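*Asks:* Protein chains in written order, with the working numbering: chain A, 1192 to 1625; chain B, 1192 to 1625.
Ideal Cβ placement from N, Cα and C applies to all residues, glycine included.
Treat the numbers as computed from the prediction; the structure is a model and nothing was measured.
Submitted below is the structure of interest, expressed as structure tokens.
Protein chains: 2
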Amino acid sequence: MFESLPGFREFYPEDYKTRDYLFQKWRSAVESVGFEAYEGPVLEPLELYTEKMGQEISDQLFHFVDKGARKVALRPEMTRTLGRMIAARANALKRPIKWYNIGDHFRYERMQKGRTRCFTQLNVDIFGEAGVLADAEAISTLVLVCQSLGLTSDHFYVRLSDRDLWVSLMEGWGIPAEKQGEVLSCIDKLEKQGESKTINNLSSIIGESAEPLFEKISKLIGLKSVKAIEQWVDLEFDEQKRQNIQKRLGECSLLLESLDTLGCADFVELDLGIVRGLAYYTGFVFEAFEKGKDSRALAGGGRYNNLIKSLGGPDMPAVGWGMGDVTMTDCLVENDLLHISEDQIRVFAISFENTRKQALRDITKLRARGVSAQFSYKSGGFSKQLKEANQKGCSHALIYGEDELARGEVIIKDLRKEKEVSIPLQDLETYHFE
Amino acid sequence: MFESLPGFREFYPEDYKTRDYLFQKWRSAVESVGFEAYEGPVLEPLELYTEKMGQEISDQLFHFVDKGARKVALRPEMTRTLGRMIAARANALKRPIKWYNIGDHFRYERMQKGRTRCFTQLNVDIFGEAGVLADAEAISTLVLVCQSLGLTSDHFYVRLSDRDLWVSLMEGWGIPAEKQGEVLSCIDKLEKQGESKTINNLSSIIGESAEPLFEKISKLIGLKSVKAIEQWVDLEFDEQKRQNIQKRLGECSLLLESLDTLGCADFVELDLGIVRGLAYYTGFVFEAFEKGKDSRALAGGGRYNNLIKSLGGPDMPAVGWGMGDVTMTDCLVENDLLHISEDQIRVFAISFENTRKQALRDITKLRARGVSAQFSYKSGGFSKQLKEANQKGCSHALIYGEDELARGEVIIKDLRKEKEVSIPLQDLETYHFE
């Protein structure tokens, strides 16, 4: 028998219900913040991803040559497509531009828990606003999305960091601009690679022993408030070098204050250990993590003020994040938060040789007014048809007995409460099932 | 600037609204008939499509070799994936199985009106029922979907045909079984290729002049009722040869009668000119067409009783159809049937330096109870913020004036009716916007 490809999922109706539940929750939460849905192509020119993407994503591309000799790739992420769309209409679109997408993405990854080769991601982005209120809204939307799924501050938190703060610190330490990206990349990998490997890497970047630099970086990552960082900075740098750093710390304070006002104080933690792997990030970056031993990353994002210009558009500040369906579904399952209501109205008509035509006519009318209504294709007896109604999870049976029909009536049986009423046939058209 | 690939669409929010409107209508209509949603992989093993697909689809495949040296293809249609899923769980699934999918498909086609290289299709299928009631339900669902979009019998009709009837006719004419597929293919192309080319093709298949055969085929395609066909058959064949044909005509009558009961009499026309290109069809086949000069095909499908077995599953009768988003959207636009309601509740908070915190707190609460609520990232004056609220199509403004706030009140301004009321702040949490 044919099989599906490794890493590509099939959703049978019971699995699709979970998927749909997640997407509907995503959708209502972000729409309550005023984000509008868009969609872009799943297949894109390869060149869209070959510049400045970070090595990891480039290695994982599904790419090929199409029948028109074009180099093409299945999209590994949405931001490049989105950036191109924004760039193309940058002047016509009213700012701030608040858009979201729920779409498929493709990465040729090693198979493991939480990883598939095709996954669906919620992408949420704000364009045209450089101020911290946009960062605050992006992060508070992320918190709202998690809350709408039933997650509380017992389940998750958001680690907030600032690449601009790191840049101003590196300037203070005299690390030249062209080496700052590599240092940031070391900090990004610190948690995974550990102390000695990080020191080695840093040393080879700055060309001298990096133990003192590593100590400072570690110390900073351990400081969890703007105030603590400010105090450390006061001791570390002279007044002139302090200025840029303090300015940036002021922005951090403002952002944290706005997040507090937006009800996110219990969810957000300053943590300079977060840097984000993708090369296009600037300014604030953040990642949502599960609490507890697994501590899976649930979502991540940040500022990317230079992307639109690099795609041929105007200067356009941007901030956004993505959340994958695979890890989030795992998280909801393990926290027993997938409560999908099955309490829908579904009608099943039970009829017999002489009453079937009436039943089918009525079903047609019910469907036309949006009521889910079915009937058996088989001419079985009453109990066989009732069994089918129950198997299909129907809430009501319409029973078309010959005697009732002769009186111009039909029986409505509530299958959940085992109650039944008899009503005149003509009342069915306006009958309210509940 | 980078561009998207030819034939791949971008949906800006205003385009996405149309897309979403269509999908929601599709979804509610088929769910009212009791179909359940499923989804399968967009990328599949190439071999799934290389057997018995019909040459046209094979030529249009987007296929390549992945990083694991697997031959893979973007799915050109859903039925193979669906068939595999059904085959894998055939014994566990309760019959009849009624499933639908709204998903992307990929075909490398010549670009023209109504054709893109990626399109979204609604697929609706019933498994496990061989009787005509399943065909009737499939076709009546197609009619219901079109009706739910505002299309009437002035706009479209369904041409119904029967491959089994053709097979029994060809047997009556003595055309050997191994040549029947080719003859069906000629009938399928008759409308496009015209009389003389069809006669030539038929002649080369049957090995003698096909003019008499062509005359008979043309005559039959012109007959639009079972009764007319029956009368013709009575003259054409002797009693023994007639039996199978008459049996099949009886099935046609039964199907038409059921469609009548299901409210489809005005929409369905018997038309033996329809054969369908895909090789896996058996039994009844049908296509929905627009009326009028363009007469675009809006949807098509039919019986495919052998597919599940050919994919390794058990004997499992099946009937289904597909409807593409591109032609359907064109049809709705041209008939002025895309009336997308913009009448949603969207709240915009207007606040000032000393009242902003209160505004942001209230907005957070509104969002938490699902009300769409926004605010300006800029600290502009009243009229600037009001302008932004209108640009975003908001229905209500919450006005946080200093005086009102001092009194513990907020003004709610209905932006559509230019009416306003002042309410106590604490009432906002339960205020019903309408």
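Compare the C-beta of residue 1428 of chain B with all C-beta atoms of chain A and state if any pair is closer than 9 Å.
*Replies:* Cβ-Cβ to chain A under 9 Å: no for residue 1428 of chain B.
*Asks:* Can you look up residue 1291 of chain B in the DSSP assignment and give me helix, strand or coil?
*Replies:* If DSSP states are grouped into helix, strand and coil, residue 1291 of chain B belongs with the strands.
*Asks:* Look at the alpha carbon of residue 1536 of chain A and the alpha carbon of residue 1209 of chain A, and state the distance between them as a whole number of angstroms.
*Replies:* Computed Cα separation, rounded: 19 Å.
*Asks:* At a Cβ threshold of 9 Å, is residue 1519 of chain A touching chain B?
*Replies:* Taking Cβ atoms only, chain B never reaches closer than 9 Å to residue 1519 of chain A, which makes this a no.
*Asks:* Contact check, residue 1515 of chain A vs residue 1312 of chain A under 8 Å by CB: the rounded distance?
*Replies:* Confirmed, about 5 Å.
*Asks:* Going by CA-CA distance only, name the one from B:1397, B:1371, B:1370 and B:1465 that's closest to residue 1411 of chain B.
*Replies:* The candidate whose alpha carbon is nearest that of residue 1411 of chain B is B:1465.
*Asks:* DSSP three-state label for residue 1616 of chain B, please.
*Replies:* Residue state, collapsed to three classes: helix.
*Asks:* For residue 1564 of chain A, which residues from the same chain have a beta carbon less than 7 Å from its beta carbon, with the 5 sequence-adjacent residues on both sides left out?
*Replies:* Once the five neighbours on either side are set aside, the close Cβ partners of residue 1564 of chain A are 1538, 1540, 1554, 1557 and 1558.
*Asks:* Count the other CB atoms, across all protein chains shown, that sit within 10 Å of the CB of residue 1594 of chain B; report buried if there are 16 or more and exposed otherwise.
*Replies:* Flag for residue 1594 of chain B reads exposed.
*Asks:* Counting only the same chain and skipping the five closest in sequence on each side, list residues whose C-beta sits under 8 Å from that of residue 1269 of chain A.
*Replies:* Counting only Cβ-Cβ distances below 8 Å, and skipping sequence neighbours, we find 1231, 1292, 1294, 1296, 1312, 1314 and 1513.
*Asks:* By Cβ distance below 6 Å, which residues in the same chain neighbour residue 1616 of chain A in space, the five residues on each side in sequence not counted?
*Replies:* Cβ neighbours of residue 1616 of chain A beyond the five flanking positions: 1599 and 1601.
*Asks:* State the DSSP-derived secondary structure class of residue 1212 of chain B, mapped to helix, strand or coil.
*Replies:* Residue state, collapsed to three classes: helix.
*Asks:* Give me the Cβ distance between residue 1461 of chain A and residue 1417 of chain A, rounded to the nearest whole Å; I'm assuming they're in contact under 8 Å.
*Replies:* Indeed they touch by this definition, with Cβ atoms about 7 Å apart.
*Asks:* Considering only their Cβ atoms, is the gap separating residue 1379 of chain A from residue 1196 of chain B smaller than 9 Å?
*Replies:* No. Outside cutoff.
*Asks:* Taking the CB atoms as reference points, tell me whether residue 1588 of chain A and residue 1603 of chain A lie closer together than 9 Å.
*Replies:* It is a contact, given that the beta carbons lie within the stated cut-off.
*Asks:* Mind listing the chain A neighbours of residue 1290 of chain B? Cutoff is C-beta to C-beta under 8 Å, in chain order.
*Replies:* In chain order: 1204.
*Asks:* Report the option in B:1509, B:1526 and B:1584 whose CA atom is closest to the CA atom of residue 1278 of chain B.
*Replies:* For the residues B:1509, B:1526 and B:1584, the minimum Cα distance to residue 1278 of chain B belongs to B:1509.
*Asks:* Restricting to Cα atoms, I'd like to know which of A:1622, A:1576, A:1569 and A:1547 is closest to residue 1596 of chain A.
*Replies:* Nearest C-alpha to residue 1596 of chain A: A:1547.
*Asks:* Hey, is the region 1206 to 1222 of chain A in contact with the region 1233 to 1241 of chain A, meaning 3+ C-beta pairs nearer than 8 Å?
*Replies:* Short answer: they don't touch.
*Asks:* Is residue 1505 of chain A close to chain B, meaning its C-beta is less than 9 Å from at least one C-beta of that chain?
*Replies:* So, not an interface residue.
*Asks:* How is the alpha helix (DSSP H) around residue 1279 of chain B delimited, first residue to last?
*Replies:* 1270 to 1279 is the span of the alpha helix (DSSP H), which, as asked, contains residue 1279 of chain B.
*Asks:* Along the chain, where does the alpha helix (DSSP H) that runs through residue 1624 of chain B open and close?
*Replies:* No alpha helix (DSSP H) contains residue 1624 of chain B, which DSSP labels as neither H nor E.
*Asks:* Between the beta-carbon of residue 1481 of chain A and the beta-carbon of residue 1491 of chain A, is there less than 9 Å?
*Replies:* Contact flag unset, no.
*Asks:* May I ask you to report which of helix, strand or coil DSSP gives residue 1314 of chain B?
*Replies:* Residue 1314 of chain B: strand per DSSP, three-state reduction.
*Asks:* Under 7 Å between beta-carbons, which chain A residues line up against residue 1452 of chain B? List them in chain order, please.
*Replies:* Going along chain A in sequence order, the residues near residue 1452 of chain B (Cβ under 7 Å) are 1548, 1551 and 1552.
*Asks:* By the 7 Å beta-carbon criterion, what residues does the region 1432 to 1443 of chain A contribute toward chain B?
*Replies:* Those residues of the region 1432 to 1443 of chain A that come within reach of chain B (Cβ to Cβ, closer than 7 Å) do not exist; the list is empty.
*Asks:* What in chain B is Cβ-close to residue 1658 of chain A, meaning under 9 Å?
*Replies:* Because chain A here runs from 1192 to 1625, residue 1658 of chain A falls outside it and cannot be looked at.
*Asks:* In the DSSP assignment, what are the bridge partners of residue 1259 of chain A?
*Replies:* In DSSP, residue 1259 of chain A forms no bridge with anything.
*Asks:* Taking C-alpha atoms, which residue in B:1364, B:1486 and B:1356 lies nearest to residue 1648 of chain B?
*Replies:* This structure gives no information on residue 1648 of chain B, because the portion of chain B shown stretches from 1192 to 1625.
*Asks:* How about residue 1287 of chain A: is its C-beta nearer than 9 Å to some C-beta of chain B?
*Replies:* At least one chain B Cβ lies under 9 Å of residue 1287 of chain A.
*Asks:* Tell me the residue span of the alpha helix (DSSP H) that contains residue 1323 of chain A.
*Replies:* Where residue 1323 of chain A is concerned, the enclosing alpha helix (DSSP H) stretches over 1323 to 1339.
*Asks:* Report the three-state DSSP secondary structure of residue 1573 of chain A (helix, strand or coil).
*Replies:* Helix, per DSSP.
*Asks:* Quick check on this structure: which residue in B:1570, B:1414 and B:1404 has the alpha carbon closest to the alpha carbon of residue 1550 of chain B?
*Replies:* Here the closest residue by C-alpha is B:1570.
*Asks:* Taking beta-carbon pairs under 7 Å, can you tell me which members of the region 1290 to 1309 of chain A lie near chain B?
*Replies:* Taking 7 Å as the Cβ-Cβ cut-off against chain B, the residues of the region 1290 to 1309 of chain A that qualify are 1290, 1295, 1299 and 1309.
*Asks:* Does residue 1621 of chain A have its Cβ less than 9 Å from a Cβ in chain B?
*Replies:* Residue 1621 of chain A does not count as touching chain B.
*Asks:* Taking Cβ-Cβ distances shorter than 7 Å, what residues in chain B pair up with residue 1236 of chain A?
*Replies:* What residue 1236 of chain A touches in chain B: 1193 and 1196.
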